[in-house]
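A short worksheet on the structure shown next.
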Amino acid sequence: SLDLKQAGLSVLYQRQKQDGDIELTIWPLETIEGAPPTDVVFGFPQYQTSFQTIMHRISFDLPLIGEKVWSFGYTGFEFPKDGIPLADVRAGCFDWQRDYRHRLVVVEGTVKRIFTQQFSRGFVEGSCFTFDAEVSHAQSGGPVMSLDGIIRGVNSAGASTFFGRPATIASLLYPLLFVPL
320 SLDLKQAGLS
330 VLYQRQKQDG
340 DIELTIWPLE
350 TIEGAPPTDV
360 VFGFPQYQTS
370 FQTIMHRISF
380 DLPLIGEKVW
390 SFGYTGFEFP
400 KDGIPLADVR
410 AGCFDWQRDY
420 RHRLVVVEGT
430 VKRIFTQQFS
440 RGFVEGSCFT
450 FDAEVSHAQS
460 GGPVMSLDGI
470 IRGVNSAGAS
480 TFFGRPATIA
490 SLLYPLLFVP
500 L
């Protein structure tokens with residue numbers, strides 16, 4: 320558990336305005352909580368009431384073998400070589416349209432295997448499951464949802480090389496029941 324109020328760690332929050340334009344905001348994180356042995360981390364942003372957010376249900380149940388899932392995440396990041404100048408962002412003069420890009424990627428797969436203890440020492444050490452689709456490198460940490468919108472896990476690692484076919488490992492959420500946050 321880390322207190323980030325003085326660290327200045329933030330997330331980039333994106334929303335679509337009524338006129339169709341995209342508005343990007345830097346949203347400060349106040350704390351983060353890790354949940355070992357999983358690689359799941361919860362970030363708690365500064366409380367606010369001006370942004371719309373979408374809340375999804377989570378499930379601590381094991382997914383079913385053969386269940387269809389969607390994996391979400393961002394990839395294809397492009398930004399200035401020296402990073403995004405936060406002073407320019409705060410001053411409102413950073414050109415998000417020209418100097419920053421990313422893509423939201425959704426991958427559909429089918430749950431193939433469940434590992435209730437761990438997949439492999441040094442790889443994904445907590446409880447996890449595999450599904451038969453390859454996620455991009457930067458999608459780690461994104462949610463894996465059932466087709467009815469329930470979060471079943473978190474993208475942990477692409478594993479196509481290990482399995483010799485398209486595969487991704489997602490961390491399960493049920494170990495979080497035993498971790499004090």
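Heads up, the working numbering is the position in the sequence shown plus 319, with the first residue counted as 1.
Note that beta-carbon positions come from the ideal geometry of N, C-alpha and C, so glycine has one too.
(request) Let me know the secondary structure DSSP gives A478 once reduced to three states. (result) coil
(request) Return the bridge partner residues of I341 from the DSSP annotation. (result) Q335
(message) On the CB-based measure, 16 or more other CB atoms within 10 Å of its CB, does T435 come out buried or exposed?
(response) exposed
(message) Give me, in chain order, the residues of the same chain whose beta-carbon lies closer than 7 Å to that of K387; leave out the 5 immediate sequence neighbours on both sides.
(response) E427, T429 and L466
(message) Quick check: the Cα distance between V424 and L331, rounded to an integer number of angstroms?
(response) 17 Å
(request) Measure from the alpha carbon of I469 to the alpha carbon of each residue in R376, K336 and W346, then state which is nearest. (result) R376
(message) Measuring CB atoms only, is the stretch 410–425 touching the stretch 381–395, in the sense that at least three cross pairs come out at less than 8 Å?
(response) yes
(message) Looking at the strands, I want to know which residues DSSP matches up with C447.
(response) F434 and S490
(request) May I ask you to verify whether the stretch 448–457 touches the stretch 469–484, counting CB pairs closer than 8 Å and requiring at least 3? (result) yes
(message) Distance check for T344 and Q333, CA to CA, integer angstroms please.
(response) Each residue's Cα considered, the two are about 6 Å apart.
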